[in-house]
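Numbers 92 to 255, taken from our numbering, label the letters of the sequence shown in order.
Glycine is no exception: its CB is placed at the ideal position from the N, C-alpha and C atoms.
Source: prediction; values computed, not measured.
Below: the structure, in structure tokens.
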Amino acid sequence: MSDREFVTSVEAPALIGLAISGCLYGVFLGQLAHYVVCFPKDPRPVKLLVFFVLIADTLHLIGTTEFFYTMLVPCRRNDSAACQIYVSWGVYFTVSMTYLVTFAVQSFYCHRIWIITGKNRVITIPISLLTVLQLTLGAWTTIDVIRHGTIQFLDTTSVRSMRC
Numbered sequence: 092m093s094d095r096e097f098v099t100s101v102e103a104p105a106l107i108g109l110a111i112s113g114c115l116y117g118v119f120l121g122q123l124a125h126y127v128v129c130f131p132k133d134p135r136p137v138k139l140l141v142f143f144v145l146i147a148d149t150l151h152l153i154g155t156t157e158f159f160y161t162m163l164v165p166c167r168r169n170d171s172a173a174c175q176i177y178v179s180w181g182v183y184f185t186v187s188m189t190y191l192v193t194f195a196v197q198s199f200y201c202h203r204i205w206i207i208t209g210k211n212r213v214i215t216i217p218i219s220l221l222t223v224l225q226l227t228l229g230a231w232t233t234i235d236v237i238r239h240g241t242i243q244f245l246d247t248t249s250v251r252s253m254r255c
């Protein structure tokens, strides 16, 4: 698969994903407003987690939007390698923030399971381990994106899940 075919095969589904992500970001802002009004007495660590997710998700949306702007506006019908396969700064935010937000939300979920099950380690330890594993693999992917500097490596990687 050529560089241009690879990028073209990614553009349309990813652009649809960006539109859905923008809509879900709006839903998140509505939930955040509801949370601030209805749960003013939550402990400080919970509030910090919620606002961390707000900042990280905002950076994620900004990075994704910047990537698509770069790919679809200045690089439209430009077949140079710089436009077609090299990664813009927005991708670094997108990849890293995706894993950080997921880790934060899954950690909160694990904490809730811990409380609901009466501190049942049999249930919460596997969830915690999988959450840390996901963050570790996410850090590995982010490092790979930074190290390669292109998106082409995703098509040729030996790691099967990254190729899907």
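Taking the alpha-carbon positions, what's the residue i to residue j distance?
i, j, result
"Ser219", "Asn169", "45 Å"
"Phe142", "Ile204", "21 Å"
"Ala124", "Leu145", "11 Å"
"Lys132", "Pro217", "31 Å"
"Ser268", "Tyr116", "Any property of residue 268 remains undetermined from this structure, which presents the chain solely from 92 to 255."
"Thr215", "Gln225", "15 Å"
"Phe130", "Asn211", "26 Å"
In this structure, does DSSP put residue i in helix, strand or coil?
i, result
"Cys114", "helix"
"Gly154", "helix"
"Ser219", "helix"
"Phe142", "helix"
Kindly list the residues whose CB is nearer than 7 Å to the CB of residue i, restricted to its own chain and excluding five residues on each side of it in sequence; keep chain order.
i, result
"Thr74", "Residue 74 falls outside the range modelled here, since the chain spans only 92 to 255, and no answer is possible."
"Thr185", "His151, Gly154, Thr155 and Phe158"
"Phe119", "Asp148"
"Leu106", "Phe159"
Measure the beta-carbon distance from residue i to residue j and round it to whole angstroms, keeping in mind my assumption that it falls under 8 Å.
i, j, result
"Tyr190", "Ile237", "Tyr190 to Ile237, Cβ: 13 Å. No contact."
"Ser187", "Thr161", "That pair is no contact at about 18 Å."
Spatial neighbours of residue i within its chain, please: C-beta separation below 8 Å, excluding the five flanking residues on both sides.
i, result
"Thr233", "Tyr183, Val186, Ser187 and Tyr190"
Less than 8 Å between CB atoms is the rule here; does residue i satisfy it with respect to chain B?
i, result
"Gly117", "Absent here is chain B; the protein component of the structure consists of one chain."
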